[in-house]
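Each protein sequence line maps, in turn, to chains A and B. According to this note's numbering, the first sequence is numbered sequentially starting from 2. According to this note's numbering, the second sequence is numbered sequentially starting from 3.
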Amino acid sequence: MALYGWMLLAPALILLITFAFIPAFETVWASLYSKGTLRRPSHFVGVENYLSLFSDPAFRKVVTNNLIYAGITIPVSIAIALGMALWANAQIIGRGFVRAAYFTPTMLPMIAAANLWLFFYTPDLGVIDRITALFGFPSVNWLGQQETALYSVIAVTIWKEAGFYMIFYLAALQTISPELREAATVEGAGRWTYTRRVVLPLLAPTTMFVLVNALINSVKLIDHLFILTKGGPDNASKLILYWVWEMAFAYFDTPQAATMTTLILVVLGIVAAVQFAVLERRVHYR
Amino acid sequence: MAFIELQNATKKWAGAVGIDNVSLSIAKGSFVVLLGPSGCGKSTTLRIIAGLEQPDQGRVLIDGRDVTGVPPSKRGISMVFQSYALFPHLNVAENIVFGLKVRGVGRAERDERLETALARTGLKGYELRKPAQLSGGQRQRVALARAIIADHPICLMDEPLSNLDAKLRHSVRQEIRSLQRQLDMTVIYVTHDQTEAMAMADVVVLMKDGKIEQAGSPASLYEEPATAFSASFVGTPPMTLLPASGVPEALLPQPPQAAAKENLILGIRPESIRVTAGSANGLQGTVQNAEFMGAETFLYAGTAAGPLIARLPGRVSRAPGERISLEWDRGDAVLFDKTSGRRLESNSGNAGQKRAVTA
Ligand SMILES: Nc1ncnc2c1ncn2[C@@H]1O[C@H](COP(=O)(O)OP(=O)(O)O)[C@@H](O)[C@H]1O
Ligand SMILES: [Mg+2]
Chain A
2 MALYGWMLLA PALILLITFA FIPAFETVWA SLYSKGTLRR PSHFVGVENY
52 LSLFSDPAFR KVVTNNLIYA GITIPVSIAI ALGMALWANA QIIGRGFVRA
102 AYFTPTMLPM IAAANLWLFF YTPDLGVIDR ITALFGFPSV NWLGQQETAL
152 YSVIAVTIWK EAGFYMIFYL AALQTISPEL REAATVEGAG RWTYTRRVVL
202 PLLAPTTMFV LVNALINSVK LIDHLFILTK GGPDNASKLI LYWVWEMAFA
252 YFDTPQAATM TTLILVVLGI VAAVQFAVLE RRVHYR
Chain B
3 MAFIELQNAT KKWAGAVGID NVSLSIAKGS FVVLLGPSGC GKSTTLRIIA
53 GLEQPDQGRV LIDGRDVTGV PPSKRGISMV FQSYALFPHL NVAENIVFGL
103 KVRGVGRAER DERLETALAR TGLKGYELRK PAQLSGGQRQ RVALARAIIA
153 DHPICLMDEP LSNLDAKLRH SVRQEIRSLQ RQLDMTVIYV THDQTEAMAM
203 ADVVVLMKDG KIEQAGSPAS LYEEPATAFS ASFVGTPPMT LLPASGVPEA
253 LLPQPPQAAA KENLILGIRP ESIRVTAGSA NGLQGTVQNA EFMGAETFLY
303 AGTAAGPLIA RLPGRVSRAP GERISLEWDR GDAVLFDKTS GRRLESNSGN
353 AGQKRAVTA
């Protein structure tokens, strides 16, 4: 019986081991070795790579950037998604249109979305500058200055993600029986009370799902950086994964990239464990 | 005298008639059942009284007050939904006190009333369960408890038993009736099941195509059906309807003029029919099937005038294909007009169409 169970598991297990566990293990392994040069071949250095990483100001900069990025994109895109879904669900006429309008950004590849926004952000010629010019504001190089670069990238991400999350909320809202609303109405609950006491708790599993996705995306999704800012100016909009990519494929510093990747793996692992262990107990699943 | 009054209420949707010019008046403390086939406008009527739907025309009065534009929560009503509409994320106790909480009733009073409601509905010990952890019958009780805890004088129920199995339905309908008496509530109860209506109602309001077909006590509906539709909807098995022209003269009440006979329908209750082996006076037929029910037997027979059901006491063994003769006292039969469906006044009847009910 046990053998049979293992046989059923085998295909998934083999794939996981080949494409996830082995590379992960190799990455961890590589992070413990120095960078090989022609004169000094790679050798074991223990935690030295980690120590040098922690003392690197660029490391602190990208981690801070990513924290700000996650700290804004996650709550804002979820809040917008939820608000739009509640609003769209209440509309009887034009619900389909609203849905399509907010879903369109989601269907665009991130690269295309970034190109579109590049056009919005272009100083003088871009849509944003043209509109602000109407009110007499000076031209702003949104992507080109330290103060605004990261926030401009954040805006693109929110624009792209909110519509995607809205679809999940809309789908969840459709499963709530209209009789619940009527029961609440008869019991004296107004629109707001009904939303707070009934709808939001019933959307909790969706929020949980969206939250996990948003968290993963805040680390994983960096396509738009390649188009918009390339992490600049002066690392102002650089996110962790972009930095890893740079180290691995632009500077060929494999050990540093491996060290950083290991850290990402550890942090994401902890986050996932916490989310599933702590939040799941508090979320109502039907 | 009327506690709830519906005056000439009409509700139409694009292409569908909900109800058409319905007037109804309901006495305080009575148990009124809205009965009719699916789509006849029962729920629409109930929802207009509840305030969940606004009538296109007409008014709703509760206790003499015009509540037509008043929201449901200000009409002094509570409601039990067909699917129970329990909040799945709240436990039994939270579901029951939901309305009290929303209305800002204090904790101590809430707890006290919860205790009473739990005791009345036999839900003690289930307070902390979520709806998903309850059986259908228990969920139904929670919905009932949520309806009675508010102490509203009116309770509206839309097919509350239709999701229960037959046995449970039987016992719950008695419990609902006794709760209604204990709490002196006025109940409007929607069902498509005529047995339920006959068993529970003080007044049955029979509806068809958005209109009231007949309203009255269960006995009057059964004994004096106003129309052929009433006759065929009420009773198990229902009244047999046959074209009068196909029935022997001796079995017709009040021999009508020969010319009119083609325009008449004869109705006869199954229990009024007698079966004899070979009498020439009766309606000749063939046995199609005999259903033995224990205390009685339903005999399905085919005749030249059409199919017929007889309800015979005890066990009757007749083989399919057997030729029989069917008879009844001509006074037990009733006549309906073929075009209007109305019952014709015979020697005694007073089946005039009573639109408004006063119970
Ligand atoms: N919200 C609605 N929109 C359109 N048509 C409706 C609506 N509600 C009810 N109807 C129509 O009104 C008629 C009566 O419905 P209803 O009162 O629900 O019947 P029932 O007697 O089965 O409860 C039906 O033909 C139904 O299709
Ligand atoms: Mg209905």
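We put the beta carbon where it would ideally sit given N, CA and C, even for glycine.
K169(B) carries a helical assignment under DSSP once its states are collapsed to helix, strand and coil. Per DSSP, reduced to three states, the secondary structure at I6(B) is strand. In the DSSP annotation of this structure, V77(A) is not part of any beta strand (DSSP E); the continuous alpha helix (DSSP H) holding it starts and ends at P58 to A91.
Interface annotation for the region 89-113 of chain B against chain A: F89, P90, H91, L92, F100, G101, L102, K103, V104 and R105, criterion Cβ-Cβ distance under 9 Å.
Within the region 176-202 of chain A, S178, E180, L181, E183, A184, A185, T186, V187, E188, G189, A190, T194, R198, V199 and P202 place their CB atoms closer than 8 Å to a CB of chain B, listed in sequence order. In terms of Cα proximity to E215(B), the closest of P255(B), N23(B) and A168(B) is N23(B). For T46(B), the Cβ falls inside the 7 Å cut-off from some heavy atom of ligand 1. Comparing C-alpha distances from N50(A) to each of Q276(A), K62(A), T186(A) and L264(A) shows the shortest one belongs to L264(A). If you check the CB distance, A147(B) and A119(B) come in under 8 Å.
By the rule that beta-carbons nearer than 8 Å mark a contact, P162(B) does not touch chain A. Using a CB distance cut-off of 8 Å, L54(B) counts as an interface residue toward chain A. Within 7 Å of the C-beta of E161(B) there is at least one heavy atom belonging to ligand 2. Residue K30(B) holds the alpha-carbon nearest to the alpha-carbon of H154(B) among K30(B), L170(B) and R109(B). When only Cα atoms are considered, L116(B) and F26(A) end up about 59 Å apart.
Distance between I81(A) and A89(A), taken at the CA atoms: about 12 Å. Distances from the CB of V192(B) to the heavy atoms of ligand 2 include at least one below 7 Å.
Straight through space, the alpha carbons of I241(A) and N66(A) are spaced by roughly 8 Å. With fewer than three CB-CB distances shorter than 8 Å, the region 149-166 of chain B does not count as touching the region 204-221 of chain B. Around the beta carbon of V275(A), a 10 Å sphere encloses fewer than 16 other beta carbons of the protein chains shown; the residue is thus reported as exposed.
The straight-line gap separating the alpha-carbon atoms of I23(A) and L117(A) is approximately 39 Å. Close to chain A, meaning a Cβ-Cβ distance shorter than 8 Å, are the following residues of the region 61-78 of chain B: P73, P74 and S75. If you ignore the 5 residues before and after N283(B), its C-beta comes within less than 6 Å of the C-beta of A252, all in its own chain and listed in chain order. Using a C-beta cut-off of 8 Å, the region 221-238 of chain A makes contact with the region 104-116 of chain A, since at least three inter-stretch Cβ pairs fall below that distance.
Interface residue (Cβ-Cβ distance to chain A less than 8 Å): A321(B) is not classified as such. Under DSSP, T188(B) takes part in a beta bridge, and its partners are I156(B). Among the residues facing chain A, M81(B) is included, as its CB has a counterpart in that chain under 8 Å away. Excluding five sequence positions before and after V99(B), the CB atoms of its chain that fall closer than 6 Å to its own CB belong to R112 and L116, given in chain order. Under the criterion of beta carbons closer than 8 Å, R77(B) and I64(B) qualify as touching, at roughly 6 Å. At least 8 Å separates the beta-carbon of I168(A) from that of S78(A). Under the Cβ distance rule, S45(B) does not count among the residues neighbouring chain A, no pair being separated by less than 8 Å. Residues of chain A with a Cβ closer than 8 Å to the Cβ of A87(B) are, in chain order, S178, E180, L181, E183 and A184.
Under the DSSP assignment, I23(A) falls in the alpha helix (DSSP H) whose first and last residues are I23 to A31.
Distances from the CA of A91(A) to each of A101(A), L52(A) and P179(A) were compared; the closest alpha carbon is that of P179(A).
In terms of CA proximity to L243(B), K340(B) leads the group P315(B), K340(B) and V207(B).
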